[in-house]
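To start, the structure itself, in structure tokens.
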Amino acid sequence: MIENFLWRKVSDEEKSELKKEAKQIIDRFADALKKVESEISETGLVKRDKNARDETANECDQEFRKIFLKNAPKTEKNEKGEFISTEKGAWK
Amino acid sequence: MLKEKIGSIRLGKLSAEENIRHFLGKIKNEDGKINAFIKINDNAIKEAKEIDKKIKKGKAGKLAGLAIAVKSNINVKGMTASCASNTLKNYISPYDATVIKRIKEEDGIIIGMTNMDEFACGSSGETSAYGPTKNPVQPDLIPGGSSSGSAAAIAAGFCDIALGSDTGGSIRNPASHCGVIGVKPSYGLVSRYGLIDLSMSLDQIGPFAKEVYGAALMLNIIARKDEKDASTFDVKIPDYTKLQLETLTIGMSDDFKKLCDKKIYDEAEKKVMEVCKENRWNLVKVNLKHVNLAVQAYYPLCYVEFFSATRRFDGRKYGFRIEDACGPEVLRRIIGGSEISKAEHKGMHYRRALKAKELIARDFNEAFKKVDIIISPTVPRLPHRIGDKINPEQMYGYDALTIPANLAGICAISVPSLKINNVPVGIQIMAPAFQEKRMFDAGHAFELA
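Take a look at the structure:
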């Protein structure tokens, strides 16, 4: 268990202790924050309406889109148009 | 008095070289006991001589000949930016941070890089891989952190002005414990370009000084929109140094009182009432009912953003792999951030913290409709002895009164106002975002009281 906050090299034993402790801290903090769930909805955070994503996609600057796709190492096309392919698993 | 010193330098009564030699001598003789500096600028005297030539020609800037100490997480070209960590112990900055560029344009002289909590992870100044900074007021006590060396350098008289960074109180907390002025500017007022970040959505660079005037002068130099930092705002910057005594409505909150040691809060409240009476200010109570969640909201945000920020320290481009070279507190935050990232699909940590952050910001917005500034003590408890046993949540509690300003994006200053058991205690003055002038004016009133 950590005695104080002075700098020291971390041993393997202390490393696993820190992992346990960090998890306990974040869980306790998450519990304490539980009550905010009922006080604020997510829409208040990001201020977007229900269809904002589709609208934004339709309003995309085409020049930006062209350069963005050109920068990408790999792109693919489907019925909706060209898109960036960042990762492809062996299952595909 | 800094204003008088600047006048003397301009008039040639004191040269930049003499000023720098004075500080270098003092650091050489006394910093062995304080450990405020990690690296001294070997070119400082040479730079001072050049500035003396400019002064003689009448072409010197606003900081001409002043000695500026810089926290070791801000890039100064040619100096080490180690973040007080073995991870970056050999890292030499290849460029100047925007704030440094602006200081140099005004002929300030960087005297050295200061000690700090490793990667700004700490509230005590103890987690540095270069050893703890001592509090110049009482060397067996912590100076506070994470900008421990910058606060100590001002308190010990090793420089004229210092820079620190404040993510959850890292400027105001050590300013309070060391008995100096410390300012956290509004988020977006000062460029973070060249700051090695702890938590990018909360970090701000700000000044330390002996007097409000010095901090105001420095903020006037470094505050401005920067194209290299997209989070900076294009706001009108008034002359902060024209300090006035205005008529204000002051808010204090019992929600802060609940988080604070009783003696500290009572003494601070008494002081505020005195100052209000002297200045004919109106004092009212405000409701900040979510500030009791500030610590619990701050750390998940900080853990995750720090985890993300440290992924570049993989030992491939520079330095050493952070997980192999860092101390326990840095590792705890990296592990915590990693755990949150893995578990975030449930939205229990980061998303909840963002919601609490928003509620705290709304509380402040509402309160500032009724009052001009909000005042509390800066730190809820007195500093512990260096090396004392303390658990992480007790340590995180040091910032319970300062974190809310970071979460709300507003500005705040710590002004030394009290002494309890011979330990300095700061009063924190918070003002709405980009109302730094009002914050400095109120700070000046406390300074005079």
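One line per chain: the protein sequences are A and B, in this order. Take my numbering: the last position of the first sequence gets the number 103, and nothing is skipped along the way. Take my numbering: the last position of the second sequence gets the number 1085, and nothing is skipped along the way. Note that beta-carbon positions come from the ideal geometry of N, C-alpha and C, so glycine has one too.
- Ranking B:Ile656, B:Val931, B:Pro821 and B:Gly694 by CA distance to the CA of B:Phe794 puts B:Ile656 first.
- When only Cα atoms are considered, A:Glu93 and A:Gln73 end up about 12 Å apart.
- Under the rule that a run must span 4 or more residues, the alpha helix (DSSP H) segments found entirely inside the segment 876-916 of chain B read 890-893 and 898-915.
- Residue-level contact by beta carbon holds for A:Glu25 and chain B, with a gap shorter than 8 Å.
- For A:Phe16, the chain B residues whose C-beta falls within less than 7 Å of its own C-beta are Gly758, Ser760, Glu762, Thr763, Glu965, Ile1026 and Met1031, listed in chain order.
- In this structure, the CA atom of B:Lys740 is about 19 Å from the CA atom of B:Asp865.
- Taking 8 Å as the cut-off, the beta carbon of B:Ala652 is found no closer than this to the beta carbon of B:Ile704.
- Between the beta-carbon of B:Glu754 and that of B:Ile778 there is about 15 Å, and that puts the pair past the 8 Å contact cut.
- Contact annotation: B:Cys1047 and B:Ala1067 have beta-carbon atoms nearer than 8 Å.
- Counted as a single uninterrupted DSSP element, the stretch harbouring B:Ser708 is not any alpha helix (DSSP H), since DSSP gives it neither H nor E.
- Of the residues B:Ile674, B:Val735, B:Ala992 and B:Met752, the one whose Cα lies closest to the Cα of B:Val931 is B:Ala992.
- In the DSSP assignment, B:Glu640 falls within the alpha helix (DSSP H) that extends over Leu638 to Leu647.
- Taking the Cα positions, B:Leu699 is about 25 Å away from B:Phe1082.
- Contact with chain A is absent for B:Gly694, since none of that chain's Cβ atoms lies less than 8 Å from the residue's Cβ.
- B:Ala792 and B:Ile841 have their alpha carbons spaced roughly 21 Å apart.
- Per the C-alpha coordinates, the member of B:Ile797, B:Ser801, B:Gly1062 and B:Phe1004 positioned closest to B:Pro1019 is B:Gly1062.
- Beta bridge pairing from DSSP links A:Glu87 with A:Phe94.
- DSSP places B:Phe673 in the strand class (E or B) of the three-state scheme.
- For B:Gly972, the chain A residues whose C-beta falls within less than 8 Å of its own C-beta are Ala33, Lys34, Ile36 and Ile37, listed in chain order.
- Secondary structure of B:Ser1053 (DSSP, three-state): strand.
- Residue environment: B:Arg828 is assigned as buried (16 or more neighbouring CB atoms within 10 Å of its CB, all protein chains considered).
- Around B:Val908, the same chain offers Ile886, Met888, Leu919, Ile1011 and Ile1063 as residues with beta carbons nearer than 8 Å, after the five sequence neighbours per side are excluded.
- Residue range Arg808 to Cys814 is occupied by the alpha helix (DSSP H) that includes B:Asn809.
- Annotated three-state conformation of A:Phe75 is helix, per DSSP.
- For the segment 741-801 of chain B, the continuous alpha helix (DSSP H) assignments of 4+ residues that do not extend past its boundaries occur at 784-791, in sequence order.
- Counting C-beta pairs with one atom in each stretch, the segment 73-88 of chain A and the segment 1024-1036 of chain B have fewer than three that are closer than 8 Å, which means they do not touch.
- For B:Glu994, a Cβ of chain A is located within less than 8 Å of the residue's own Cβ.
- Burial check for B:Leu1084: the Cβ neighbour count within 10 Å stays below 16, so the residue is exposed.
- When rounded, the separation of the alpha-carbon atoms in A:Ile51 and B:Ile670 is 47 Å.
- Around the beta carbon of B:His1080, 16 or more other beta carbons lie within 10 angstroms, which makes this residue buried.
- Taking a beta-carbon distance threshold of 8 Å, A:Phe75 does not count as an interface residue toward chain B.
- For the 8 Å CB-CB criterion, B:Ser783 and B:Ser801 form a contact.
- Counting C-beta atoms within 10 angstroms of its own C-beta, B:Arg988 has 16 or more neighbours from the protein chains shown and is therefore classed as buried.
- Using a C-beta cut-off of 8 Å, the segment 852-869 of chain B makes contact with the segment 822-838 of chain B, since at least three inter-stretch Cβ pairs fall below that distance.
- In the DSSP assignment, B:Lys872 is bridged to no other residue.
- Interface residue (Cβ-Cβ distance to chain B less than 8 Å): A:Glu98 is not classified as such.
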